[in-house]
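Asker: First the structure, then my questions, so here it is.
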Amino acid sequence: MEEYIFKEVEVKESSAPTFLINGEEVDIFSDEFRAYWEKPLHELVREKILEYERRGEDPFYEIVGKNLEKEMVKNALISGSNILFIGKKGYGKTTFSKSIAKLLPEKQLAIKGCKIHDNPVKPSCFACKRKVMEEEKVELTWIGRKWIRIPGDPMMTTRQLIGGISIQKIREGYDLDHPEVFTPGRVLKANRGIAYFDELGSIPSALQTLLHELIEEKQVTTPEGEIVPLKIDAIFIASTNPANYRGTEAIKEPLLDRMEAIPIGPPETLREEIEIGLRNMSLKNGATIPEWHLKILARVVRYARNKERCRYAARIESEPSCRATIKLFDHVKANATRKGRSVVMLSDYGEGYEVIKLGLRSRIEVDYEAEKDAIIEKLVEEAINRTCGEIYGNIEDSDFRKLSRELRKREMINVYEDSPKEMETFWKYILLMSRKPEEIPSAFEILLESIKRCTGLVERVGDGVYETRVQEL
0 MEEYIFKEVE VKESSAPTFL INGEEVDIFS DEFRAYWEKP LHELVREKIL
50 EYERRGEDPF YEIVGKNLEK EMVKNALISG SNILFIGKKG YGKTTFSKSI
100 AKLLPEKQLA IKGCKIHDNP VKPSCFACKR KVMEEEKVEL TWIGRKWIRI
150 PGDPMMTTRQ LIGGISIQKI REGYDLDHPE VFTPGRVLKA NRGIAYFDEL
200 GSIPSALQTL LHELIEEKQV TTPEGEIVPL KIDAIFIAST NPANYRGTEA
250 IKEPLLDRME AIPIGPPETL REEIEIGLRN MSLKNGATIP EWHLKILARV
300 VRYARNKERC RYAARIESEP SCRATIKLFD HVKANATRKG RSVVMLSDYG
350 EGYEVIKLGL RSRIEVDYEA EKDAIIEKLV EEAINRTCGE IYGNIEDSDF
400 RKLSRELRKR EMINVYEDSP KEMETFWKYI LLMSRKPEEI PSAFEILLES
450 IKRCTGLVER VGDGVYETRV QEL
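Going by numbering that gives the first Met the number 0, 140 is the number at position 141 of the sequence shown; the sequence numbering is gapless.
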């Protein structure tokens, strides 16, 4: 068994084999190819971030808001550090890690057939070390950006995380790339890319020790006691829930000490919440969701998180994430689309807000499970009242008197059948609210709903149907 297998190997230009790409000889030490293997990932990412800085552009433009977090991530990456995102589920930890992966080079040179896409000059795996040291010709290939997710699993094994290395099989004469000799685990497959540990604390303590050894010492100690150098080139990014969050396991201090902790929280503003919801919806086509419905649905979720501002949130033990906002947008849009509508209406929430409950039931936990639906109903009412209050507050006093006179002329209004153009003041505010012609029925309805909730001058008696009460005053 060759001794160099258990040592670091670096190919020198003077003793390098002939490298081939698609069967044609190439000089990887030339300026044309050197950029595709020479620099480590952290250095390439550092250069990319600094390019964005010089242009005054945001390298993480996919991430809505989170300006402070972005600054911390940039500092950590420029300084060559690994990152630990700390935050509750659904607040963008995985999305942030994928955004970082876009800073990686679009392509790199790797040894063809290598299970971990080894660098042709600084290989880590056994088979590639042997190739560059013993073979006259070595075939190369191009690889793209790599983002490898490593889910936290209490039952994870060494073989799954690091890989399986059978020293005995090597001694028996098996080829180094034989499946029985070496099977790379998930972290080694992230070589020359991003290794994203989803819920790092859920990885068994013993494996966290191996991971620390790999990150810090660039080596792994096998069960047989052999020290194997595995100098992989990867950026390590991990996530975990806050320490007091249900089901969160502790991360070993030596491993924690090798990472920069960056808190990731919920969207700071209603506008950010809406933007995240819109960007991540599954249902792209179909009925339009007007601004007022976006606000109502996003507020339902935000009220469920805010125990200080919303009294009903005090009953919620596990708060909803941005995924709840996304699914509420999807569900009401789907309901309106199923009915053949071009715009979302209040009835698309469901007669008893069943559509809202569909998106929230599995995403919140309350102190008494039997009362979950009742709490959701109260959250929806609170969000509708707040949004309608804003709409009503935008009506000028002089215009309100005109609206009242227009209502006095009608006993019943059906937003689907009656033309708002015949009600001059209503039409003025409907046009101010509507961004698209198809939003007009929904604008008509929410304006009437706002008057109902704030004055009682009308009463909702059906889907889009309001009975006027002005005559009774």
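Note that CB positions come from ideal geometry on N, CA and C, so glycine has one too.
Source: prediction; values computed, not measured.
Assuming the contact rule is C-beta atoms closer than 8 Å, I149 and L213 should be a hit. Round their C-beta distance to whole Å, please.
Answerer: For the purposes of this step, residue 149 is taken as the residue at position 150 of the sequence shown. For the purposes of this step, residue 213 is taken as the residue at position 214 of the sequence shown. Wrong, their Cβ atoms sit about 12 Å apart, outside the cutoff.
Asker: Are the stretch 363 to 376 and the stretch 335 to 342 touching by the rule of at least three beta carbon pairs closer than 8 Å?
Answerer: Taking 8 Å as the limit for Cβ pairs, the verdict is that the stretch 335 to 342 does not touch the stretch 363 to 376.
Asker: Ends of the beta strand (DSSP E) at Y195?
Answerer: Residue mapping note: residue 195 aligns to position 196 of the sequence shown, counting from 1. I193 to D197 is the extent of the beta strand (DSSP E) around Y195.
Asker: So I273 packs on E68, CB below 8 Å; how close in whole Å?
Answerer: What you label residue 273 is simply residue 274 of the sequence shown in a count that begins at 1. What you label residue 68 is simply residue 69 of the sequence shown in a count that begins at 1. That belief does not hold up - the Cβ atoms of I273 and E68 are roughly 19 Å apart, past 8 Å.
Asker: As a quick exercise: from I99, V25, Q107 and I250, pick the residue whose alpha carbon is nearest that of E138.
Answerer: Here residue 138 corresponds to residue number 139 of the sequence shown, with the count starting at 1. When only C-alpha atoms are compared, the closest one is V25.
Asker: Could you give the C-beta distance for R459 and E448, rounded to a whole number, given that I count them as a contact under 8 Å?
Answerer: What you label residue 459 is simply residue 460 of the sequence shown in a count that begins at 1. What you label residue 448 is simply residue 449 of the sequence shown in a count that begins at 1. Right, their Cβ atoms sit about 7 Å apart.
Asker: Quick one, which of I115, I142 and R191 has its alpha-carbon nearest F181's?
Answerer: Counting from one through the sequence shown, the residue named residue 181 turns up at place 182. Ranking I115, I142 and R191 by Cα distance to F181 puts I115 first.
Asker: Whose C-alpha, out of E370, E259 and I288, is nearest the C-alpha of A313?
Answerer: Position 314 of the sequence shown holds residue 313. Residue E370 is the option with its Cα nearest to A313.
Asker: Figure out for me which residue from C387, G351 and T386 has the closest Cα to the Cα of I374.
Answerer: Within the sequence shown, residue 374 is the residue found at index 375, counting from 1. Among C387, G351 and T386, the Cα nearest to that of I374 belongs to G351.
Asker: Give me the residue from P266, P153 and P228 with the minimum Cα distance to F196.
Answerer: The sequence position of residue 196 within the sequence shown is 197, counting from 1. Closest option to F196, Cα to Cα, is P153.
Asker: For the beta strand (DSSP E) containing L19, name the first residue and the last one.
Answerer: Locating residue 19 in the sequence shown gives position 20, where the first residue counts as 1. Here the beta strand (DSSP E) through L19 covers T17 to I20.
Asker: Quick one, which of E9, T94 and R362 has its alpha-carbon nearest D117's?
Answerer: Position 118 of the sequence shown holds residue 117. Closest option to D117, Cα to Cα, is E9.
Asker: Identify every run of the alpha helix (DSSP H) within the stretch 22 to 61, keeping only runs that are complete inside it and at least 4 residues long; order them along the chain.
Answerer: Whole alpha helix (DSSP H) segments, 4+ residues: 30 to 33 and 40 to 54.
Asker: With DSSP as the reference, label T268 as helix, strand or coil.
Answerer: Taking the sequence shown and counting its residues from 1, one reaches residue 268 at position 269. Three-state DSSP puts T268 in coil, outside helix and strand.
Asker: Taking 7 Å as the limit between beta carbons, can you name the residues of its chain near K356, skipping five residues before and five after?
Answerer: Residue mapping note: residue 356 aligns to position 357 of the sequence shown, counting from 1. Only D372 and I375 meet the Cβ criterion.
Asker: So is N81 buried or exposed if we call it buried at 16+ other beta carbons inside 10 Å?
Answerer: Here the question's residue 81 lines up with position 82 in the sequence shown. Answer is buried; the Cβ neighbour count reaches 16.
Asker: Helix, strand or coil, according to DSSP, for T336 in the structure here?
Answerer: Taking the sequence shown and counting its residues from 1, the one referred to as residue 336 is at position 337. The answer is helix: DSSP assigns T336 an H, G or I state.
Asker: Leaving out five residues on either side along the sequence, give the residues of the same chain with a beta carbon under 7 Å from the beta carbon of L206.
Answerer: Here the question's residue 206 lines up with position 207 in the sequence shown. Excluding residues within five positions, the ones whose Cβ falls inside 7 Å are M155, T157 and L160.
Asker: Counting only the same chain and skipping the five closest in sequence on each side, list residues whose C-beta sits under 6 Å from that of S441.
Answerer: Taking the first residue of the sequence shown as position 1, residue 441 is located at position 442. P289, V342 and M344.
Asker: Kindly give me the distance between the Cβ atoms of V299 and H330, rounded to whole angstroms, as I take these residues to be in contact under 8 Å.
Answerer: As a first step, residue 299 is located in the sequence shown; it is residue number 300 there, counting from the start. As a first step, residue 330 is located in the sequence shown; it is residue number 331 there, counting from the start. No, V299 and H330 are not in contact; Cβ-Cβ is about 12 Å, not under 8 Å.
Asker: Can you have a look at M411 and say buried or exposed, based on whether 16 or more other CB atoms are within 10 angstroms of its CB?
Answerer: Within the sequence shown, residue 411 is the residue found at index 412, counting from 1. The residue is exposed, with fewer than 16 neighbouring Cβ atoms inside 10 Å.
Asker: Distance check for K121 and C127, CA to CA, integer angstroms please.
Answerer: To locate residue 127, count along the sequence shown from 1; it is residue 128. To locate residue 121, count along the sequence shown from 1; it is residue 122. Using only the alpha carbons, I get a separation of about 9 Å.
Asker: With DSSP as the reference, label P436 as helix, strand or coil.
Answerer: Position 437 of the sequence shown holds residue 436. In the structure shown, P436 sits in a helix (DSSP, three-state: H, G or I).
Asker: Using only alpha-carbon positions, find the residue among G455, K87, P104 and A297 that is nearest to E316.
Answerer: As a working note, residue 316 is residue 317 in the sequence shown. That would be K87, whose Cα lies nearest to the Cα of E316.
Asker: Alpha carbon to alpha carbon, how far is K11 from R257?
Answerer: Residue mapping note: residue 11 aligns to position 12 of the sequence shown, counting from 1. Residue mapping note: residue 257 aligns to position 258 of the sequence shown, counting from 1. Using only the alpha carbons, I get a separation of about 32 Å.
Asker: Check the DSSP bridge columns for T474 and list the partner residues they point to.
Answerer: Any property of residue 474 remains undetermined from this structure, which presents the chain solely from 0 to 472.
Asker: Among the residues of its own chain, which have a CB less than 8 Å from the CB of L19, if the five just before and after it don't count?
Answerer: Start at 1 with the first residue of the sequence shown, and residue 19 comes out as number 20. V25, K136, V137, E138 and L139, listed in sequence order.
Asker: If you follow the alpha helix (DSSP H) that A75 is part of, which residue opens it and which one closes it?
Answerer: The residue given as residue 75 occupies position 76 in the sequence shown. Unbroken alpha helix (DSSP H) run through A75: N66 to I77.
Asker: State buried or exposed for E215, treating a residue as buried only when at least 16 other CB atoms are found within 10 Å of its CB.
Answerer: Start at 1 with the first residue of the sequence shown, and residue 215 comes out as number 216. E215 comes out exposed.
Asker: Tell whether a beta-carbon distance below 8 Å holds between L269 and A297.
Answerer: For the purposes of this step, residue 269 is identified with residue 270 of the sequence shown, where counting begins at 1. For the purposes of this step, residue 297 is identified with residue 298 of the sequence shown, where counting begins at 1. Yes, Cβ-Cβ distance for L269 and A297 is below 8 Å.
Asker: Considering only the beta carbon of each residue, do P266 and G461 sit closer than 8 Å?
Answerer: Here residue 266 refers to the residue found at position 267 when the sequence shown is read from its first residue. Here residue 461 refers to the residue found at position 462 when the sequence shown is read from its first residue. Cβ distance not < 8 Å, so P266 and G461 don't count as in contact.
Asker: Out of curiosity, what's the CA-to-CA distance linking E271 and N413?
Answerer: Residue numbering aside, residue 271 sits at position 272 when the sequence shown is read from its first letter. Residue numbering aside, residue 413 sits at position 414 when the sequence shown is read from its first letter. Straight-line Cα distance between these residues: approximately 34 Å.
Asker: On the DSSP letters alone, give me the boundaries of the alpha helix (DSSP H) that R400 sits inside.
Answerer: On the sequence shown, position 401 is the one that residue 400 refers to. Run containing R400: D396 to R407, per the alpha helix (DSSP H) assignment.
Asker: Assign R400 to buried or exposed, taking buried as 16 or more other Cβ atoms, counted over all protein chains shown, within 10 Å of its Cβ.
Answerer: Here residue 400 corresponds to residue number 401 of the sequence shown, with the count starting at 1. Result: exposed.
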